[in-house]
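Trainee: Structure in structure tokens, see below.
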Amino acid sequence: MNIMFEDRQDIKIEDSILSIMIDSIQKTLEEERLSLDKEVSVSFVNNDEIQALNREYRDIDRETDVLSFPVDFEFAIDGEDKPLGDVIISVEKAKEQAEEFGHSLLREMVYLTIHSMLHLLGYDHLEESDKKIMREKEKAIVRAVGIYKNS
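Note that the numbering used here numbers the sequence shown so that position 17 is 17, with each residue one more than the last.
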């Protein structure tokens with residue numbers, strides 16, 4: 001498993017958060033019964049940058065917490081990790097949401113990581129039936145990682 005992090009914002013992200021995010025990515029793959037020979041890029045940005053990306057790629061001119069860009073073609077080199085796609089998290093928005101929901105930045109970052117990984121794996125929440133499936137998977141993976149409501 002290869003996870004590449006890029007930090008393009010100003011809020012300090014503790015190593016403990018990065019470690020649990022890595023665990024979250026692994027647990028998501030395991031819960032989906034997928035091999036760990038995957039590559040994921042995770043970028044940390046601020047609200048301005050994620051709003052610009054949201055406007056450019058989704059025609060929605062507002063900030064969001066996370067964007068997922070799955071690799072939309074089968075690409076593999078023997079012996080190399082298979083790319084799944086890119087995850088872009090607004091740490092500024094994650095911090096706002098953590099405060100709003102009354103839990104830690106750690107819990108919010110883990111949830112956003114799992115949510116985004118499921119998008120990379122093809123899940124969505126546009127239809128209510130799909131949303132229910134995705135939310136159940138998120139809950140199961142959050143529990144598997146060991147993050148609980150009051151974390």
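Ideal placement from N, C-alpha and C gives every residue a C-beta, glycine not left out.
Would you say I22 and L105 are within 8 Å of each other, going by their C-beta atoms?
Mentor: no
Trainee: I'd like to know whether the C-beta atoms of V110 and I147 end up nearer to each other than 8 Å.
Mentor: yes
Trainee: Do the CB positions of V40 and G85 come within less than 8 Å of each other?
Mentor: yes
Trainee: On the DSSP letters alone, give me the boundaries of the alpha helix (DSSP H) that E178 sits inside.
Mentor: Residue 178 cannot be examined here, being either before or after the span of the chain that is shown, 1 to 151.
Trainee: If we count the other Cβ atoms within 10 Å of its Cβ and call it buried at 16 or more, is E155 buried or exposed?
Mentor: Outside the shown range of the chain (1 to 151) lies residue 155, about which nothing can therefore be said.
Trainee: Check whether the Cβ atoms of V66 and S116 lie closer than 8 Å to each other.
Mentor: Against a cut-off of 8 Å, the Cβ pair of S116 and V66 comes out as a contact.
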